[in-house]
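Trainee:
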Amino acid sequence: MMFDDDAKPKKKPVHEIGQDLSLLSLTEITERITQLEAEIIRLKEAHARKQSSQAAADALFKR
752 MMFDDDAKPK KKPVHEIGQD LSLLSLTEIT ERITQLEAEI IRLKEAHARK QSSQAAADAL
812 FKR
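Note that the sequence shown ends on residue 814 in the numbering used here; no numbers are left out.
Below, the structure written as structure tokens:
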């Protein structure tokens with residue numbers, strides 16, 4: 752039996768860049784800030800890993 756990816760329910764993003772914030776409560780805004788800060792940390796860690804891999808490749812190939 753094959754499953755179609757389009758048939759899966761799509762998760763609504765927790766936060767959409769540029770969305771109207773006027774309808775959010777203080778608690779909701781605080782929760783979003785916390786989630787976005789955690790995502791920033793995750794992105795910075797991924798960036799550092801990729802930079803390290805790139806530096807190792809550059810050293811190996813003497814770029």
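In this text, a Cβ means the ideal position worked out from N, Cα and C, and glycines have one as well.
Here the structure is a predicted model, which means the values were calculated and not measured.
Which of the three DSSP states, helix, strand or coil, is assigned to residue 791?
Mentor: Start at 1 with the first residue of the sequence shown, and residue 791 comes out as number 40. In the structure shown, residue 791 sits in a helix (DSSP, three-state: H, G or I).
Trainee: Any beta carbon of chain D sitting closer than 7 Å to that of residue 778?
Mentor: Among the chains in the structure shown there is no chain D, since it carries only a single protein chain.
Trainee: Going by the beta-carbon positions, is the gap between residue 793 and residue 766 smaller than 7 Å?
Mentor: Walking along the sequence shown from the start, residue 793 turns up at place 42. Walking along the sequence shown from the start, residue 766 turns up at place 15. Not in contact: residue 793 and residue 766 (Cβ atoms no closer than 7 Å).
Trainee: Pick from 800, 787, 797: whose alpha carbon is nearest that of residue 764?
Mentor: Locating residue 764 in the sequence shown gives position 13, counting from the first residue. It is 787 whose Cα lies nearest to the Cα of residue 764.
Trainee: Using the C-alpha atoms, what's the distance from residue 799 back to residue 806?
Mentor: Taking the first residue of the sequence shown as position 1, residue 806 is located at position 55. Taking the first residue of the sequence shown as position 1, residue 799 is located at position 48. Distance between the alpha carbons of residue 806 and residue 799: 10 Å.
Trainee: Report the three-state DSSP secondary structure of residue 798 (helix, strand or coil).
Mentor: Within the sequence shown, numbered from 1, the residue matching residue 798 stands at position 47. Note: residue 798 maps to helix in three-state DSSP.
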